[in-house]
Each structure stands twice: as structure tokens, then as C-alpha cells.
Amino acid sequence: MDLIRTPPGRCSRPRQLAASAAAPPASVSLAALALPCRLPTHAAAPSPQRIRRLRRGLRLRDARASSLGGEEEARRPPRLLCLHGFRTSAEIMRRQVVGRWPEEVTSRLDLVFADGPFLAEGASPVADIFDPPYYEWFQFVGKVSGGQDPIECRNLDMCLSYLEELMIREGPFDGLLGFSQGAVVSAVLTGLQEQGLAFTGLAKVKCVMVMSGGKIQAPPAAARAFASKIMCPSLHFIGDNDFTKAHGEELVQAFADPLVIRHPAGHTVPKLDDKGLQIMLTYLDKIEREIWEHWSTDAKIMASNSEG
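Under my numbering, the first residue of the sequence shown carries the number 22, and numbering increases by one thereafter.
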């Protein structure tokens with residue numbers, strides 16, 4: 022698994038941060054939710070290894086704050102974990118985003134691109150455009166249609182465990198940016214955290230951008246992510262010719278505070294026209310204000326969980 026960072030203001034030269042085997046970490050322990058699917062949580066008895074990682078992250082954050090000063094640290098660019106589409110990769114999504122969005126957007130974000138936990142089990146839809154390897158976050162059960170048929174999957178629990186471990190190791194992150202299958206995972210993760218069902222020991226997800234996404238209804242535990250409106254500010258990209266358009270419209274309704282960028286393209290990371298750019302800049306202004314206002318709460322949350 023590759024983790025690629027595109028620092029703000031240096032979008033053309035990403036830096037690889039870490040590498041590991043493309044498989045869910047065996048060290049992650051899962052906590053049952055009294056449902057058929059098991060999902061990770063830090064709420065009960067975090068492992069000594071996790072406590073050490075959380076505390077190390079707090080020390081690094083405190084060191085940065087001391088060297089930069091509280092105000093400068095608070096006004097750092099939002100740090101987003103970027104989740105690629107089905108059977109693609111971190112590098113492919115980096116090229117899709119950085120290659121299509123203007124610098125006035127990418128320079129305001131600290132983007133970290135991660136590979137999915139599973140090697141692709143079949144042909145990649147981008148094999149004639151991008152080189153392998155290709156990854157997937159989970160496996161779809163059946164075919165995703167353009168209608169309202171539920172999106173079903175398997176191995177989502179392993180995917181979430183993998184992301185939890187990654188976010189502990191490489192975080193904290195302010196938010197998520199997902200395309201296609203990565204957008205589906207981003208929405209589930211955000212909802213489960215707000216419901217207090219998973220990722221409770223991590224910094225709160227303060228923003229989420231979803232492109233060509235949808236709502237997973239199975240396994241049953243995942244559906245609980247949408248039991249109530251998700252309060253996290255969201256930005257949705259919906260293409261007029263996207264075969265997942267109906268699923269994307271449904272996902273918009275799952276959020277309490279959504280902004281929507283509509284574009285004429287299909288299932289792709291779209292370029293931003295003038296209207297889309299203005300919506301994007303409005304969203305960035307909003308999340309920057311919220312992150313600057315609440316930046317210090319993350320350390321308190323993680324400190325409380327590491328001591329609990």
C-alpha cells in the first residue's frame with residue numbers, strides 16, 4: 022500500500038510517506054455492534070499499541086504548535102485523506118484531482134492519497150489509461166445499477182479496520198475526499214463516527230467531499246451510518262451522465278448541510294467550471310473557518326481516549 026501526500030502549494034511533486042503490504046493489518050481488533058457486520062471502535066479498551074500511537078501523535082502535534090505558535094498551527098490547510106475509485110489507486114486519484122482542479126483549490130488543501138486494502142479481483146475500468154497495480158476498498162455484491170437498487174458489498178468491515186489503523190498511524194486528518202467506491206466509504210465512515218459506532222478514538226471528521234458516491238445499505242451495520250442526518254458539512258459532485266447519479270442524489274439527502282456541484286460529465290473526477298469553482302471556494306471558506314475555530318478539540322478527544 023502506498024500513501025502519497027500532495028502538500029499545499031507543491032501539487033506537482035507528491036511525496037510518498039509510507040508503504041506496507043496491500044492487506045488489512047492483522048493487529049486491528051474489532052468490536053461487535055450486535056449486528057452481522059463487525060466494525061472497529063476505540064470506545065472500549067484501546068490496545069497498548071494504539072495508546073502509544075495516539076500519544077506519539079499528540080506529542081508531535083504539541084511540538085509543531087510550540088514551534089509555529091498556536092495561531093499559525095490552527096490556520097494550517099485542511100488535511101484530507103483521499104480515497105480512490107474502484108480498482109484504481111492512490112496515484113491514479115492524485116493525477117485525477119491534481120491534474121484537473123486549479124491550483125487555487127489544491128494549494129488550499131493538504132491532500133494525502135491512500136491505496137485500498139485489497140488488490141483488484143478483476144479487470145480495472147481504467148486499464149487502458151493508467152498502469153497497474155489497482156486496488157479496491159471492498160467487493161461489490163452484484164452490479165451497481167443506475168437505479169435505486171441497494172448497494173451491497175462484502176469485506177467492508179475489513180476495509181474500515183484498515184482505514185482506522187491508517188488514520189491512527191498517519192493522522193490526524195480533518196476530513197475525507199472520496200471518488201466512486203472511495204466516496205461510498207467516506208460517507209459510511211463519517212456517518213458511523215457521528216453515530217458513535219466506530220472511529221470514536223480518532224479526530225472528528227469535519228468535512229467530506231464525495232464524487233459519484235452512494236449509500237451502502239448492506240451489511241446492516243453500514244446502514245446504521247445513515248440512521249439520522251449526517252451533520253458534517255459535505256460537498257457532493259453529481260454528473261448528468263453518471264450511471265450512479267440516482268445513488269448520488271440519494272446520498273445528498275443523507276446530509277444535513279450539503280453543497281452540490283453538478284457537471285455535465287459522467288463517472289469521473291470532473292474539472293471545475295466557473296460555477297463549480299465558486300461553489301468549491303465557498304465550501305473551502307466554510308470548512309477552514311470551522312477547522313480554525315475547533316482545531317484544539319482533537320487533541321483533547323484523543324488524549325481522553327488514550328487515558329480511558
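By construction, the Cβ of each residue, glycine as well, lies at the ideal position given by its N, Cα and C atoms.
query: Do Leu19 and Leu181 have their CB atoms nearer than 8 Å?
result: An answer regarding residue 19 cannot be provided, because it is not within the stretch 22 to 329 covered by the chain.
Endpoints, the beta strand (DSSP E) within which Ala135 is located: 131-135 is the span of the beta strand (DSSP E), which, as asked, contains Ala135.
- prompt: According to DSSP, which residues form a beta bridge with Ile279?
  reply: Sequence inspection shows Pro at residue 279; the Ile mentioned does not correspond to that position. Answer is Ser255, bridged to Pro279.
- prompt: What does a CB cutoff of less than 6 Å around Ile282 pick up in its chain, not counting 5 residues either side in sequence?
  reply: Only Phe258, Gly297, Ile300 meet the Cβ criterion.
- prompt: Would you report the Cα separation of Asp195 and Leu130, rounded to the nearest angstrom?
  reply: Each residue's alpha carbon lies about 10 Å from the other.
- request: Just mark Pro285 as buried or exposed, buried being the case when its beta carbon has 16 or more other beta carbons within 10 Å.
  value: The Cβ neighbour count for Pro285, taken over all protein chains shown within 10 Å, is under 16; the residue is labelled exposed.
Gln274 classed as buried or exposed, judged by whether at least 16 other C-beta atoms fall within 10 angstroms: The Cβ neighbour count for Gln274, taken over all protein chains shown within 10 Å, is under 16; the residue is labelled exposed.
Spatially closest choice to Ala144 from Thr221, Ile308, Phe107, Lys227, by CA coordinates: Here the closest residue by C-alpha is Phe107.
- prompt: Rounded to a whole number of angstroms, what is the C-alpha to C-alpha distance between Glu186 and Val226?
  reply: Roughly 15 Å between the two C-alpha positions.
message: Spatial neighbours of Ile308 within its chain, please: C-beta separation below 8 Å, excluding the five flanking residues on both sides.
response: For Ile308, where only same-chain residues beyond five positions count, the Cβ hits under 8 Å are Pro99, Asp195, Gly196, Lys227, Cys228, Pro254.
task: Buried or exposed for Asp278, please, with buried defined as at least 16 other CB atoms from any protein chain shown within 10 angstroms of its CB.
output: For Asp278, the number of other beta carbons within 10 angstroms of its own is below 16, and it is reported as exposed.
message: For a quick check, are the C-beta atoms of Arg113 and Phe151 less than 8 Å apart?
response: Contrary to the premise, residue 113 reads as Ile rather than Arg in this sequence. Taking the C-beta atoms as reference points, Phe151 is found nearer than 8 Å to Ile113.
- prompt: How would you call Gly217, buried or exposed, if buried means at least 16 neighbouring beta carbons within 10 angstroms?
  reply: Looking at its Cβ environment, which holds fewer than 16 other Cβ atoms inside 10 Å, Gly217 is exposed.
query: Which value, in whole angstroms, describes the spacing of the CA atoms of Ser201 and Phe276?
result: Each residue's Cα considered, the two are about 17 Å apart.
task: Identify, in the order they occur along the chain, each residue of the same chain with its Cβ nearer than 6 Å to the Cβ of Met252, setting aside the five sequence neighbours on each side.
output: Same-chain partners within the cutoff: Ala277.
- request: Confirm, please, whether the CB-CB distance from Leu24 to Glu191 is below 8 Å.
  value: Contact: yes.
message: Taking the alpha-carbon of Phe264 as reference, which of Thr289, Ala248, Ala246 has the nearest alpha-carbon?
response: Considering only alpha carbons, the answer is Thr289.
task: With a threshold of 16 other CB atoms inside 10 Å of the CB of Val162, please say whether the residue is buried or exposed.
output: Counting Cβ neighbours within 10 Å, Val162 comes out exposed, since fewer than 16 surround it.
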